[in-house]
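In UniProt numbering, the protein residues as written are 1 to 147.
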């Protein structure tokens, strides 16, 4: 299973969106969504892999691609320390987005996930698709605000 994710925000903070492309062999699925309430780009970057992993119905081996160093570094190195410190940073401040980090940790625990970073907006086809889905989520979230 391969998963490509991205998040977007219109203003930071502002309305946000997330997108994911899931691929298993010749099968593909696109997911996206948005939040009309004020959110941040980092929250949307975290939401994309959470929602993609939560969609999987059975434990899977996953190669997950993100253009967010925040997400990749957080899940692969920072989270262990945060958890052991009671979700506080080394400066004893609450970890930002701890609710989503904990949800991501739970989603990852069901699977064997290998994390990969890809450069955003560099022409990587699946990353570009995930970006378009995230922007679609932002657009729909913004429309909900005005209707």
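Beta carbons are placed, not taken as given, at the ideal position from N, Cα and C, and that holds for glycine.
For the 9 Å CB-CB criterion, residue 44 and residue 20 do not form a contact.
9 Å or more divides the Cβ of residue 129 from the Cβ of residue 24. Apart from sequence neighbours up to five positions away, the residues of its chain that approach residue 47 with a beta-carbon distance below 6 Å are 18, ordered along the chain. Of the other Cβ atoms in all chains shown, fewer than 16 fall within 10 Å of the Cβ of residue 143; this residue is therefore exposed.
A direct Cα-Cα distance of roughly 14 Å separates residue 85 from residue 74. Setting aside the 5 residues that flank it on each side, residue 36 is surrounded in the same chain by 15, 141, 142, 144 and 145, each with a C-beta closer than 8 Å to its C-beta; the list follows chain order. Annotation: the continuous alpha helix (DSSP H) that includes residue 129 extends over 125-146. Counting only runs that start and end inside the UniProt domain "RNase H type-1" (1-139), the beta strand (DSSP E) elements of at least 3 residues fall at 2-9, 14-24, 27-39, 61-66 and 112-117. When the Cα atoms are used, residue 104 and residue 54 turn out to be separated by approximately 9 Å.
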